[in-house]
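K.L.:
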Amino acid sequence: MKHIAVLALFAALAAQAQQPLAPSGRWSHQPVGTAPTPPMGWSSWNAFRVDITEQKVLDSARVIVDSGLAAAGYRSINVDDGWWLKRRASDGRMQVRTGLFPSAAIGGDKGTSLRPFVDRLHAMGLKAGLYTDIGRNACSQAYDADSPNLPEGTHAEREVGLMGFVDQDVALYFGEWNFDYLKVDGCGLSSYGRDRAQVASGQYREFKPTIVEGNINQSDVEGTKRLYDGLKRALRKTRPANDYVLSVCLWGTVNVRSWGQDYGTMWRTSRDIASSFSQMVHNFDTVATREFYAGPGRWNDPDMLEIGNGDFDGNHLTEARTHMGLWAIAAAPLMIGTDLSKASPALIDLLKAPEVIAIDQDPAGHQGVIAYADSDRQILVKTLADGRKAVLLFNRTASTTKLTLTAEHLKMDATAPIALRDAWARADAGSFTGRRDFELQPREALLFTAAGRHVLARGYFVSERPGDVYVARDGIRALEPDPIVYRSLASWAATDNGGTRPAYAGWGGPRADSTPYDQALGVKGRLFRHGIGALADSRLEVKLPAGSQRFTASVGVDDSTRGRTAAVSFEIHGDGRLLAKTPPMKFNQPARELSAELRGVKLIELIARQHGADTAGPIVVTWGEARIE
Ligand code: GLA
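In the working numbering, each number is its position in the sequence shown, counted from 1, plus 747.
Rendered as structure tokens:
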């Protein structure tokens, strides 16, 4: 009984921990760290797992510089799991495994230091990243138990994670050692329950899991946020200039896909990538519907690249390009994860592709939005800072397939020519009017930029610029797993259970050109190809470009709504002032036009306010054709 009560409490807390529905009058997102565009670099993990050495890291760093990859943007050299020897008993100072990192053997009262290593990377014009865990123990201690590189000593000496040492470790890593980037994993919270062999045998201290992969309700969302909040405060103390990157690594659990933006510079949305095509697609799917949760300074992270490995090696350049193209259209961090000292020139060229990187790194920071999807094919469109679009056409299958791109997908005028440029070939790819057919090779993703006349004479749809939106309140009352993530079998798992069931919360969050539950937008039979789908009660903050004149939308309760009895009113606030609102509206009432003058307004808030309870479930609302002139 007590157990059930505790779980109910967790669920209630998860629902409560939202921002108020009342307008804030300001952009509420406060960046954690600095990354105006998605972070780029190299990480040791996908290349070497825990089998790292200083030499291996420096060898790849050398290639990064010499091959021009650094000049292309890959600057952060990140040491992942495996660098540590122990936490010194006398004072808790972390000690480095000098057998692997010889330059750390400085002696004296410090014992070891990664400062010489960091200085070396800095001298090469690079940045330096390190890895730790938010709990007491790390992932390798749970999952690479046979490695000779695991921390040594007593229980306390082997507790190398941040728990209990946040301020001390952050001061060491970001202060004394001068790292620029920290990845903070979560195995300490998930993998040291009594049921684990290493805990049962007494090798590690028990930590009752507060993150349960595969079950949203068994996980302590607020408790996990509190720990990352402590980390955020320690970082502020050590690096008041906010000049770092904090990578939150919680594999899409504990609803991190919704709150990661407030606690990290980037946050993992899914379990670990592997060098298989299906796993890569799984990871991509976990970001593809999260367009409103990313933007400059905050990035959805589908995990590090596998280009150069397995299904993406030098013999599979189509798959490698697809992987890179998907990450670019998603504005995902680009972390190379292969041993670059062994990479072929073709792979290095692929990683360097300037027009593909430019799409990923576009300064507007909008994530691509799904313009078309079935189980086999997808079209994603990303608005670029100069008004052009990047468009990715993706064949998810192992056969050739046909696909038609239309002006409407691009939100462009179907009567005017649209010029395409192939981002891989770096060559113009002709122009079309209205529609163009493509044939895609197995697993191929074509990537273009497109220039044409916008379908709106003056202005744009809010759904085209998701990076300008902050989801202050999503309206989700009970966390539910997202059912539309490709259910690949993890490379380390087997089919000896009932099936793979991804359990990533966030289902029900607002979506561009779709309802929160992945249906077409429609109000009393009137369909909207453009718009925002959300739940009541929700509040979206939307940054406006200078010179914005008017906001207009056709609003109503969406035809796909679950709750069909309670009413919802729609409000637009400008810089905290109510500009316009509708009366309460119900299911099956026609959409109403809602419009507001915006002269001089910098930020609007779109509020869908529910009146009364609805036992049938959340009310789905549509901001049809929501647009700014
Ligand atoms: C977890 C992370 C990986 C990697 C390993 C290190 O699995 O998700 O990215 O850092 O831990 O052990």
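Backbone N, C-alpha and C define an ideal beta-carbon position, used for all residues, glycine too.
#1: Taking the alpha-carbon of R1234 as reference, which of Y1251, V1218, E1227 has the nearest alpha-carbon?
#2: Work out the CA separation of N1244 and W774 for me, nearest whole Å.
#3: Any heavy atom of ligand 3 closer than 7 Å to the beta-carbon of Y975?
#4: Which stretch, first to last residue, makes up the beta strand (DSSP E) that contains A1355?
#5: Tell me where the beta strand (DSSP E) around W789 begins and ends.
#6: If we count the other Cβ atoms within 10 Å of its Cβ and call it buried at 16 or more, is E906 buried or exposed?
#7: For P1330, does the count of other Cβ atoms within 10 angstroms reach 16, so buried, or fall short, so exposed?
#8: Name the residue from I881, S994, V913 whose alpha carbon lies nearest to the alpha carbon of T781.
#9: Work out the CA separation of M1051 and A1067 for me, nearest whole Å.
#10: Identify which residue in P1249, V1103, C886 has its Cα closest to the Cα of C996.
#11: Between which two residues does the alpha helix (DSSP H) holding W1074 run?
#12: May I have the straight-line CA-CA distance separating E1186 from V1368, to the nearest angstrom?
#13: Determine the burial state of Q1357: buried for a count of at least 16 other Cβ atoms within 10 Å of its Cβ, exposed for fewer.
#14: My parser needs the beta strand (DSSP E) runs of 3 or more residues fully inside the segment 1212 to 1264; what are they?
#15: Can you look up L768 in the DSSP assignment and give me helix, strand or coil?
#16: Check the C-beta distance from V946 over to Y939 and give it rounded, since I have them as a contact under 8 Å.
#17: How many Å lie between W998 and I881 at the Cα?
#18: Could you check the C-alpha separation between V865 and Q1026 for me, to the nearest Å?
#19: Tell me whether I1106 sits in a helix, a strand or coil according to DSSP, three-state version.
#20: Kindly indicate which three-state DSSP category M871 falls into: helix, strand or coil?
#21: Quick check on the DSSP output: the alpha helix (DSSP H) that includes S1005 runs from which residue to which?
#22: Identify which residue in H869, G839, D967, E904 has its Cα closest to the Cα of A918.
#23: Assign P1263 to buried or exposed, taking buried as 16 or more other Cβ atoms, counted over all protein chains shown, within 10 Å of its Cβ.
#24: Quick check: the Cα distance between R883 and R1004, rounded to an integer number of angstroms?
#25: On the DSSP letters alone, give me the boundaries of the alpha helix (DSSP H) that N825 sits inside.
#26: Mapping DSSP to helix, strand and coil, what is L756?
#27: Using the DSSP secondary-structure output, state which residues sit across from A1145 in a beta bridge.
#28: Span of the beta strand (DSSP E) holding A1111?
#29: So does W1014 have its beta carbon nearer than 7 Å to some heavy atom of ligand 1?
#30: Mapping the DSSP letters down to three states, classify A1405 as helix, strand or coil.
#31: With respect to the alpha helix (DSSP H) encompassing E904, which residues constitute its N-terminal and C-terminal limits?
#32: Rounding to the nearest angstrom, what Cα-Cα distance links L978 and P1365 in this structure?
#33: Could you check whether the Cβ of D990 sits closer than 7 Å to any heavy atom belonging to ligand 1?
#34: Could you give the residue range of the alpha helix (DSSP H) that holds M1027?
#35: For a test of the three-state rule: what should DSSP assign to Q1188, helix, strand or coil?
#36: Would you say the beta carbon of Y878 is closer than 7 Å to some non-hydrogen atom of ligand 1?
P.N.:
The relevant details are as follows:
#1: As a position in the sequence shown, residue 1234 is number 487, starting the count at 1. Among Y1251, V1218, E1227, the Cα nearest to that of R1234 is on Y1251.
#2: On the sequence shown, position 27 is the one that residue 774 refers to. On the sequence shown, position 497 is the one that residue 1244 refers to. Taking the straight line from one Cα to the other gives about 46 Å.
#3: Here the bound small molecules are ligand 1; ligand 3 is not part of this structure.
#4: One-based indexing of the sequence shown puts residue 1355 at position 608. Looking at the DSSP string, the run of the beta strand (DSSP E) that includes A1355 is 1350 to 1358.
#5: As a first step, residue 789 is located in the sequence shown; it is residue number 42 there, counting from the start. Note, W789: beta strand (DSSP E), 787 to 790.
#6: One-based indexing of the sequence shown puts residue 906 at position 159. Classification for E906: buried.
#7: Here residue 1330 is taken as the residue at index 583 of the sequence shown, counted from 1. Classification for P1330: exposed.
#8: Residue mapping note: residue 781 aligns to position 34 of the sequence shown, counting from 1. Selected option, being the one with the closest Cα: S994.
#9: If you number the sequence shown from 1, residue 1067 lands on position 320. If you number the sequence shown from 1, residue 1051 lands on position 304. Rounded to the nearest angstrom, the two C-alpha atoms are 13 Å apart.
#10: The residue given as residue 996 occupies position 249 in the sequence shown. Residue C886 is the option with its Cα nearest to C996.
#11: Here residue 1074 is taken as the residue at index 327 of the sequence shown, counted from 1. From DSSP, the alpha helix (DSSP H) with W1074 extends over 1064 to 1076.
#12: On the sequence shown, residue 1186 is found 439 positions in, with the first residue counted as 1. On the sequence shown, residue 1368 is found 621 positions in, with the first residue counted as 1. Going by the C-alpha atoms only, they are around 37 Å apart.
#13: Translated into positions along the sequence shown, residue 1357 becomes position 610. With 16 or more Cβ atoms within 10 Å of its Cβ, Q1357 is classed as buried.
#14: 1216 to 1220
#15: Within the sequence shown, residue 768 is the residue found at index 21, counting from 1. Of the three classes helix, strand and coil, the one that applies to L768 here is coil, per DSSP.
#16: On the sequence shown, position 199 is the one that residue 946 refers to. On the sequence shown, position 192 is the one that residue 939 refers to. Yes, V946 and Y939 are in contact; Cβ-Cβ is about 6 Å, under 8 Å.
#17: Locating residue 998 in the sequence shown gives position 251, where the first residue counts as 1. Locating residue 881 in the sequence shown gives position 134, where the first residue counts as 1. Going by the C-alpha atoms only, they are around 13 Å apart.
#18: The count along the sequence shown starts at 1 and reaches residue 865 at position 118. The count along the sequence shown starts at 1 and reaches residue 1026 at position 279. If I take the Cα positions, the gap works out to 33 Å.
#19: Along the sequence shown, one-based indexing puts residue 1106 at 359. Three-state result, I1106: helix.
#20: Mapped onto the sequence shown, residue 871 falls at position 124. Reduced to three states, the DSSP call for M871 is coil.
#21: Residue numbering aside, residue 1005 sits at position 258 when the sequence shown is read from its first letter. Residues 1003 to 1010.
#22: Locating residue 918 in the sequence shown gives position 171, where the first residue counts as 1. The option with the nearest alpha carbon to A918 is G839.
#23: If you number the sequence shown from 1, residue 1263 lands on position 516. Under this definition P1263 is a buried residue.
#24: Counting from 1 along the sequence shown, the entry for residue 883 is found at position 136. Counting from 1 along the sequence shown, the entry for residue 1004 is found at position 257. Their backbone Cα atoms lie some 23 Å apart in a straight line.
#25: Numbered from 1 along the sequence shown, position 78 holds the residue referred to as residue 825. Segment 823 to 825 is the beta strand (DSSP E) holding N825; no alpha helix (DSSP H) there.
#26: In the sequence shown, residue 756 corresponds to position 9, counting from 1. For L756, the predicted model reports a pLDDT of 43, less than 50, meaning its position is unreliable; a value from the coordinates is still stated below. In this structure, L756 counts as helix in the three-state DSSP scheme.
#27: On the sequence shown, residue 1145 is found 398 positions in, with the first residue counted as 1. None, per the DSSP bridge assignment.
#28: Translated into the one-based positions of the sequence shown, residue 1111 becomes position 364. Note, A1111: premise wrong, no beta strand (DSSP E); not H, not E.
#29: For the purposes of this step, residue 1014 is identified with residue 267 of the sequence shown, where counting begins at 1. Every heavy atom of ligand 1 is 7 Å or more from the Cβ of W1014, so no.
#30: Here the chain covers residues 748 to 1376 and nothing more, so residue 1405 does not appear.
#31: For the purposes of this step, residue 904 is taken as the residue at position 157 of the sequence shown. Residues 902 to 905.
#32: Taking the first residue of the sequence shown as position 1, residue 978 is located at position 231. Taking the first residue of the sequence shown as position 1, residue 1365 is located at position 618. Each residue's Cα considered, the two are about 34 Å apart.
#33: Start at 1 with the first residue of the sequence shown, and residue 990 comes out as number 243. D990: no, Cβ never under 7 Å from ligand 1.
#34: Start at 1 with the first residue of the sequence shown, and residue 1027 comes out as number 280. Taken as a continuous stretch (DSSP letters only), the alpha helix (DSSP H) holding M1027 covers 1024 to 1035.
#35: Position 441 of the sequence shown, counted from the first residue, corresponds to residue 1188. Note: Q1188 maps to coil in three-state DSSP.
#36: In the sequence shown, residue 878 corresponds to position 131, counting from 1. Flag set: Cβ of Y878 near ligand 1.
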